[in-house]
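**Q**
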Amino acid sequence: MAVNAFDILFVITAILANLCVSAIYVSDRHNSMNFIRKFGITFLSLGLPMIAVLIGYTITGYDWWIYVLLSYTIVFFIVQLLLDYILKIQFRENTVQHVVYIIFFYIFQAGMIIIAFNINDTCGYAVSISFWILLAALIYLLIGKGKNRNLQNKTL
59 MAVNAFDILF
69 VITAILANLC
79 VSAIYVSDRH
89 NSMNFIRKFG
99 ITFLSLGLPM
109 IAVLIGYTIT
119 GYDWWIYVLL
129 SYTIVFFIVQ
139 LLLDYILKIQ
149 FRENTVQHVV
159 YIIFFYIFQA
169 GMIIIAFNIN
179 DTCGYAVSIS
189 FWILLAALIY
199 LLIGKGKNRN
209 LQNKTL
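Per the numbering used here, the very first residue in the sequence shown carries number 59; after that it's consecutive.
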């Protein structure tokens, strides 16, 4: 199947979503709540093009499992909006809730990569590379938090 405008919109949106999460991780490492909020809102706004992609895919006709994965992606954006901006639940502080969220997040990531590879290999690799950038930013965040924890422990 030839790449269409909705495929391109999906790939660009998936890459931007991963880069926004990467920027959130780097901003968190530097305790920049202003940037975390801006990138968070930008991330959530990417749910709108995903809805457009779902509508476009429905019109052009795709396999059922693409609809399932794309619907899951949209649900993830909605849940993220509810948890962080509407209900303002501090789920990251509760280990069980955070683990459930992490599983939810990586299923979201896997879905985007699978859909991108379904478009073609180039799109799949592009989204995968943006995911690896996200993982590098996560490692950068976690290493920074570990250093901060070590510094705090030394001052006690």
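Note that CB positions come from ideal geometry on N, CA and C, so glycine has one too.
1. Compute the Euclidean distance between the alpha carbons of A75 and D65, then round it to the nearest angstrom.
2. Taking all protein chains shown into account, do 16 or more other C-beta atoms lie within 10 angstroms of the C-beta of D86, making it buried, or fewer, making it exposed?
3. Is A60 helix, strand or coil by DSSP?
4. Quick one: what's got a C-beta closer than 8 Å to L104's C-beta in the same chain, skipping five residues either side?
5. L196 to V84, Cα distance in whole Å?
6. Can you name the start and end residues of the alpha helix (DSSP H) that H156 belongs to?
**A** Well, looking at it:
1. Cα to Cα, the separation comes out at about 15 Å.
2. When all chains shown are included, D86 counts as buried.
3. In the structure shown, A60 sits in coil (DSSP, three-state: anything other than H, G, I, E or B).
4. T71, L74, A75, C78, F135
5. Going by the C-alpha atoms only, they are around 8 Å apart.
6. 153-177
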